[in-house]
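Using our numbering, you'd call the opening residue of the sequence shown number 1 and step up by one each time. The beta carbon of each residue, even a glycine, is placed where N, CA and C say it ideally should be. Below is one structure, written out as C-alpha cells; comments come after it.
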Amino acid sequence: MGITVKDNLFYISSKDSSLILENRQGDLLLKHLGKRITSYHFSNTVFEKDHAFSGNPSPEIRTYSYDTQRQVVGSYGFGDFRHPSIRVQHQTNELTQFKLVDFDIIDGIVEAQGLPSPHSGEKAETLVLVLEDSVAKLTLRLYYTAFEDTSTITTFATLKNWSDEEVVIHRLLSTMLDLPAKKYDVLTLQGAYAREKTVRRQALQQGTFSISSNRGASGHGQTPALILTDNHATEDSGESIALQLLYSGNFQAFAQENQLKEVRLGIGINDDNFAWELKAEEIFVTPVAMMTYSDQGLTGLTEESQKFVQNHIIPQKYSQKERPVLINNWEATYFDFNQKKLVELADEASQLGLELFVLDDGWFGNRFDDNRALGDWTVNEEKLGGSLSALISEVHDRGMQFGLWVEPEMISEDSELYQAHPDWAIQTPERSHTYSRNQLMLNLANPKVVAYLKETFHDLLTKNPIDYIKWDYNRNMTNVGNGDTYLETQMQSHAYMLGFYELVDYLTRQHPNVLFESCSGGGGRNDLGAMRYFPQVWASDNTDAIARLPIQYGSSYLYPTISMGAHVSASPNHQMCRVTPFQTRGHVAMMGNLGYELDLTKLTEEEKTLVSEQVALYKKIRPLVQFGKQYRLINPEQGSNEAAVQFVYDNQTVVTYVRIQSTIETIETTLKLKGLETETLYRLEGTELVYSGAELMYAGLTLDMPSGDYLSRQFYFVKQS
Ligand code: GLA
1 MGITVKDNLF YISSKDSSLI LENRQGDLLL KHLGKRITSY HFSNTVFEKD
51 HAFSGNPSPE IRTYSYDTQR QVVGSYGFGD FRHPSIRVQH QTNELTQFKL
101 VDFDIIDGIV EAQGLPSPHS GEKAETLVLV LEDSVAKLTL RLYYTAFEDT
151 STITTFATLK NWSDEEVVIH RLLSTMLDLP AKKYDVLTLQ GAYAREKTVR
201 RQALQQGTFS ISSNRGASGH GQTPALILTD NHATEDSGES IALQLLYSGN
251 FQAFAQENQL KEVRLGIGIN DDNFAWELKA EEIFVTPVAM MTYSDQGLTG
301 LTEESQKFVQ NHIIPQKYSQ KERPVLINNW EATYFDFNQK KLVELADEAS
351 QLGLELFVLD DGWFGNRFDD NRALGDWTVN EEKLGGSLSA LISEVHDRGM
401 QFGLWVEPEM ISEDSELYQA HPDWAIQTPE RSHTYSRNQL MLNLANPKVV
451 AYLKETFHDL LTKNPIDYIK WDYNRNMTNV GNGDTYLETQ MQSHAYMLGF
501 YELVDYLTRQ HPNVLFESCS GGGGRNDLGA MRYFPQVWAS DNTDAIARLP
551 IQYGSSYLYP TISMGAHVSA SPNHQMCRVT PFQTRGHVAM MGNLGYELDL
601 TKLTEEEKTL VSEQVALYKK IRPLVQFGKQ YRLINPEQGS NEAAVQFVYD
651 NQTVVTYVRI QSTIETIETT LKLKGLETET LYRLEGTELV YSGAELMYAG
701 LTLDMPSGDY LSRQFYFVKQ S
C-alpha cells in the first residue's frame, strides 16, 4: 500500500487497487486503474499509431496525440477533443498545457482547505504532482491519497496563479480519468422529492452521459456519484469503479465515450453559472473526489464504498457508535403541539424503550405553520409551556436524549431577522424574490451571515443540553445575484458552500457530543460533503414502507446503513395513503437507523406491544445493521414484487423479505443467503431450528407467505456455540 515511484511511473496503491501514472516528458498518462499491480511494464499500452485528424505536439512523432492518450488532465486546445478537466481564462484565451515539474510524497492525507476532507485512519500516504503552464503562469497540483484499509483513492486539485494578472477559472474538475475501451454500463442514483436514490443502469455509448445539479445543493434528483461497471457485472461478479464527490453544492459528473470507444470520466463543481476569479498569488481548491474500485461485483463495490464512508468520512466519533432509536413528533403532531402533548409522547416513548425524543419544526418564534418565522430562533415558551431547558429536563428525566429541529440557512420575509438585515437574503438587484415553501435563503457567501449563524446556534447549543440536531434545508437556491460584480456573482454558489462548511465545521467541533442529522425535505442533500459533518441523514420524507424499499436499496449502493434514518409512521401513510401492516413498517425501518414518527399515544395496546418488541429486537440486531456487511438479495425496483436484504456481522445474520402484492402462486420464493460460513450451524432466533451456513446459502430458505398485500418476514440467525 502507498505511493511508489519507479522508472517514471507513479504507483498509487490502496488495499486492493492501483492507479498507475506515467510521466512522459511532462505529460501525465494514465496506464492503469483497477486491481492492484506492484510492477508495471506497459503490457496494455495503447497502440500508438497515426490517427487521422488527431493533432500531434511534435512534427516528428505523428503517433503521439493528446486525442488518443489516456490522461488525468484534459486541456482544451492542443488536440484533445474530449471534454476538458480545466478551462482558465488568461491573456486572450482559455488554452493551457500543463507539464509535470515536480512531485512529493507526504505521510497521511492533505486536507482540501475549507472543504470536507476524509480522515486518514490508520495509514495513508499522499502523492502530490506539481504541473506548470509556463505561458499562463499557473501551477496545478494534483493530490492522490492511498489508504491501507480500503480500495479507495481520494483526490483533489489546486490551481495557483503566479502571473501578475488575475485569471478566471471557468472549470476545474476534482478528477478526470481516461479508461480503456470496453463495454460499460453506467449507474447513477437518481429520483425526485420523496423518491430519492433509485438506481438507474444504462449502457454507455458513443457520446456523453452526464448528471449534474445547479440547485445550490446536490438535490433529490441526482447524487454526486457515478458508477462505471462491466456491462455484465452482477451483484457477485465483475469490475466496477465508483466516482463520488465530497461536496453538497452544484456538481457535474460525466462519462464520455469517444470515437475509439475509450471512456473519459470526470467529476467536480458544475460549470454552469460558475466562475472563480483568481488574483495574483491566489490558490483555488477543488472539492475532494473519491474513486473506489472492486472486482467483486456490485456487492464488493458497496462494501468498499460503505466502509470508506463509515471509517473515513463520517465524523470519527460516530463511525462506530450505535444510533439511538428515536421518536420524532413531526408526523405525530406537525405544528399542532403544546407542552402537554410533547410530554405525553415522551412518556409513551420511554415506556416503549425508545432512546431519543426529537422535537421537530414549530418550537420557535411565531412558527405556527411553514410560511413564517425562519430566522427568529427564539423559543416560543408559551407553546412549550416554559423554557426549552425545562422541556429537555422532562425528556432527560424519562431516560431519553433530546433532539431539536433547526433550519439555519433560511429566512422568512416576515421574520425580525429579515426586517433587520434584508440584504442578508440571496437576491438579485431590481428583481423580485422567488419563493419556495414561502421562504428565502440566507447568503452564506457573506462572512457576516456565517458569523451570525455561528453565534446564534453555538448559543442555542451551549445554553441547552441538546443531544441531537436535525438540520433541515427546505428549498433550493434561486436569484443568485448578491455580487457587486459579475464575477463575484458567478462565485457566489461555491462561496456559499465554503460558508456552509465553515459553519458546520465550527458547530460540530464546538459540540462534539451532539449527533447532527442532515435533512433537506428528506434526501435533498444526502451526499458525502454533508456526511463529513452529519453522521446521519434523513433519507426521504416518504415514510411509506413500500416506497422506502427502492430508496433504501439505492442508498445502500454507496452509503453505509448507519448514515440512514428510517422511521415507522402511521397507516394510512401520510404521503402515499397506503395501508400497510405494522410489522412490515417495522421490518423495513429496522433495515436503517430505526425511529418512530407517529402519535404513539394513539396506538392500540396490541400496536404498543409490537413497538416494544420491535425496539427490543432492534437493539439486538443494531450492530448487524449498523456495522455489518450488506447483501442485496432481491432488487425491489423495475416492477419487482419483492425485496430482500441481508446483513452479516460477527456471528450473526439478519434477513428481511418484503412481498409487495399478494400472489396466487403456490411455489414461494427461496432466498439464498450470502456471506455465511459453510460448516457453521446457525440457529433461527425464537425457534429450535438450526441450519448449516452451506444449507442457507446453497439450498436456501423457502418463504411460506400467506395471502395479503405488503407482507414481510424477518429472520435472525445466530451462530450456534
Ligand atoms: C422537512 C423535513 C421533515 C420535517 C419538516 C418540518 O420537510 O424533511 O422531516 O422536519 O421539514 O417543517
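If you draw a straight line from the Cα of L352 to the Cα of V568, it is about 14 Å long. Remark: the shortest separation between the CB of N474 and any heavy atom of the ligand GLA falls under 7 Å.
In this structure, the C-beta of D236 stays at least 7 Å away from each heavy atom of the ligand GLA.
Of L326, E605 and T126, the smallest CA-CA separation from I109 is found for T126.
Following the DSSP letters along the chain, one finds E239 in no beta strand (DSSP E), marked with neither H nor E. The closest CA to that of L384, considering only E413, G399 and Q339, is found on Q339. Under the three-state reduction of DSSP, A694 is assigned to helix.
With a beta-carbon spacing of about 6 Å, F368 and F335 fall inside the 8 Å limit used to define contacts. Each residue's CA atom was taken as its position, placing I283 and H494 some 15 Å apart. In this structure, Y618 lies away from V199, with their beta-carbon atoms at least 8 Å apart.
The closest CA to that of S13, considering only L391, N93, F147 and L701, is found on F147. If you draw a straight line from the Cα of F209 to the Cα of T428, it is about 33 Å long. Counting the other Cβ atoms within 10 Å of the Cβ of Q206 gives fewer than 16, which makes it exposed.
In the DSSP assignment, E455 falls outside any beta strand (DSSP E) and lies within the alpha helix (DSSP H) extending over P447 to K463. Taking a cut-off of 8 Å for Cβ pairs, the region 143-161 and the region 300-319 touch, as three or more such pairs fall below it. For N593, the beta-bridge partners assigned by DSSP are G565.
C577 has its CB no nearer than 7 Å to any heavy atom of the ligand GLA.
Taking all protein chains in view, the Cβ of Q638 is surrounded by fewer than 16 other Cβ atoms within 10 Å, so the residue is classified as exposed. At a cut-off of 7 Å, the beta-carbon of D361 counts as near the ligand GLA: some heavy atom of the ligand is closer than that.
The C-beta separation of G524 from G219 comes to about 6 Å, placing the pair in contact by the 8 Å criterion. Between the C-alpha atoms of R622 and E111 there is a straight-line separation of about 33 Å.
The C-beta of I241 has 16 or more other C-beta atoms within 10 Å across all chains shown, which makes the residue buried. With a threshold of 7 Å, the Cβ atom of D599 does not count as near the ligand GLA, since no heavy atom of the ligand is closer than that. In terms of side-chain proximity, the C-beta atom of G79 is found no nearer than 7 Å to any non-hydrogen atom of the ligand GLA.
For the pair Q575 and T543, the Cα-to-Cα distance works out to about 7 Å. In this structure, E344 is the residue among D80, R195 and E344 with its C-alpha nearest to the C-alpha of V395. Around the beta carbon of D704, fewer than 16 other beta carbons sit within 10 angstroms, so the residue counts as exposed. Checking the DSSP bridge columns, you'll see Y184 partnered with D230. Taking a cut-off of 8 Å on C-beta distances, the region 666-681 touches the region 694-714, as three or more cross pairs fall below it. Residue environment for D360: buried (at least 16 other C-beta atoms within 10 angstroms of its C-beta).
Remark: C-beta atoms of Q69 and L29 approach each other more closely than 8 Å. Annotated three-state conformation of F156 is strand, per DSSP. Counted as a single uninterrupted DSSP element, the alpha helix (DSSP H) harbouring L342 occupies residues Q339 to Q351. L354 and F627 have their C-alpha atoms roughly 20 Å apart. Secondary structure note for Q652: its beta strand (DSSP E) is the uninterrupted segment Q652 to R659.
Proximity of the beta carbon of D376 to the ligand GLA is not indicated: no heavy atom of the ligand is located closer than 7 Å.
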